[in-house]
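A.B. asks:
Protein chains in written order, with my numbering: chain R, 454 to 564; chain H, -8 to 103.
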C-alpha cells in the first residue's frame, strides 16, 4: 500500500500562510490525495482532496506536483483554530481502501 | 444534516469482557470504516463496510469484528478485551471510495 511522508511538526505565525508538505513517491494512478486534520479531543476532519489538478475550497488549497509524487496543503492565513495534526493520506478511486494515516504533521500556530 | 453518530462516547470494561460499539453514518452514505487511535500507534485502520459487506480489513486480530446493517448503521465488537485495547475508536462514513470521510467524535474505551 502506498504510504505518505510528512514532517513531524511545523510552526507558523498567526495570519501568515502555511505550506504543509507531503511526499507520496509510490502513489498509483488510481490514488486520490486526501488531507485531514485532527484538533485536540476530536475525530479527524476532512480538509480537501485531489487527483491531479490543484484544488481550492473554503478551508485550504491543495497543490499537487506534476509527477504526483508530492503535494502541499496551503492554509492561506493561519489562525489559532488551525492548530492541529494534519494528515496526508492516499485513497483509491474505487473499491476497497486500506488507508494509512501515518503520524501526520503537528502544526503550532504562534499568536 | 446530522453527522456521524457514535455511541457510547465513553466506556469502561474489565479485561476478558466483550464490548459492542455503534456507529450511525450520515444518511445516504454506504461506506463505513472503523479506526483505532492510541498515543503509541496513532490512527490505524480496522475495517471498511460497504452495502453490508466487509470490503477491506486492517491488520488486527480476529477478536475485532464488525458488521453493517441494511440501513448502513454499523457495529464493531471486541471480544476478550485486553488492556492494550484501550483506545479511541473512530467511525467514518463516505458516499464512495474517493469522497472525503466524515468522522464521528469516537468512543473512548478504557479496559481495566
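Glycine is no exception: its CB is placed at the ideal position from the N, C-alpha and C atoms.
Run through chain R and tell me which residues come within less than 7 Å of residue 92 of chain H, C-beta to C-beta.
C.D. replies: Here residue 92 of chain H refers to the residue found at position 101 when the second chain is read from its first residue. Per Cβ cutoff of 7 Å: 499.
A.B. asks: Using 8 Å as the cut-off, can you tell me whether the stretch 527 to 538 of chain R makes contact with the stretch 54 to 62 of chain H, which would need three or more C-beta pairs spanning the two stretches below that distance?
C.D. replies: Contact between the stretch 527 to 538 of chain R and the stretch 54 to 62 of chain H is absent, because fewer than three Cβ pairs lie under 8 Å.
A.B. asks: Compute the distance between the beta-carbons of residue 38 of chain H and residue 7 of chain H, then report whether it is under 8 Å.
C.D. replies: For the purposes of this step, residue 38 of chain H is taken as the residue at position 47 of the second chain. For the purposes of this step, residue 7 of chain H is taken as the residue at position 16 of the second chain. No, the pair does not count as a contact, with Cβ atoms beyond the cut-off.
A.B. asks: Smallest Cα separation from residue 71 of chain H: which of H:-1, H:5, H:-2?
C.D. replies: Here residue 71 of chain H corresponds to residue number 80 of the second chain, with the count starting at 1. That would be H:5, whose Cα lies nearest to the Cα of residue 71 of chain H.
A.B. asks: Could you have a look at residue 533 of chain R and say whether DSSP puts it in helix, strand or coil?
C.D. replies: For the purposes of this step, residue 533 of chain R is identified with residue 80 of the first chain, where counting begins at 1. Helix.
A.B. asks: Is there a Cβ from chain R that is less than 8 Å from the Cβ of residue 77 of chain H?
C.D. replies: For the purposes of this step, residue 77 of chain H is taken as the residue at position 86 of the second chain. Cβ-Cβ to chain R under 8 Å: no for residue 77 of chain H.
A.B. asks: Does the beta-carbon distance from residue 528 of chain R to residue 516 of chain R come in below 8 Å?
C.D. replies: Within the first chain, residue 528 of chain R is the residue found at index 75, counting from 1. Within the first chain, residue 516 of chain R is the residue found at index 63, counting from 1. Their beta carbons are not under 8 Å apart, which means residue 528 of chain R does not touch residue 516 of chain R by this criterion.
A.B. asks: Can you check DSSP and say which residues form a bridge with residue 48 of chain H?
C.D. replies: What you label residue 48 of chain H is simply residue 57 of the second chain in a count that begins at 1. Bridge partners of residue 48 of chain H: H:38.
A.B. asks: So, are the CB atoms of residue -3 of chain H and residue 22 of chain H less than 8 Å apart?
C.D. replies: Against the second chain, residue -3 of chain H aligns to sequence position 6. Against the second chain, residue 22 of chain H aligns to sequence position 31. Taking 8 Å as the Cβ cut-off, residue -3 of chain H and residue 22 of chain H do not qualify as a contacting pair.
A.B. asks: I believe residue 103 of chain H touches residue 9 of chain H by the beta-carbon criterion, under 8 Å. Please report the beta-carbon distance rounded to the nearest angstrom.
C.D. replies: Residue numbering aside, residue 103 of chain H sits at position 112 when the second chain is read from its first letter. Residue numbering aside, residue 9 of chain H sits at position 18 when the second chain is read from its first letter. About 15 Å separates the two Cβ atoms, so there is no contact after all.
A.B. asks: With distance defined between alpha-carbon atoms, name the residue in R:497, R:518, R:526 nearest to residue 511 of chain R.
C.D. replies: Taking the first residue of the first chain as position 1, residue 511 of chain R is located at position 58. The residue with the shortest Cα to Cα distance from residue 511 of chain R is R:526.
A.B. asks: Beta-carbon separation of residue 2 of chain H and residue 100 of chain H under 8 Å?
C.D. replies: Residue 2 of chain H sits at position 11 when you count from the first residue of the second chain. Residue 100 of chain H sits at position 109 when you count from the first residue of the second chain. Their beta carbons are under 8 Å apart, which means residue 2 of chain H touches residue 100 of chain H by this criterion.
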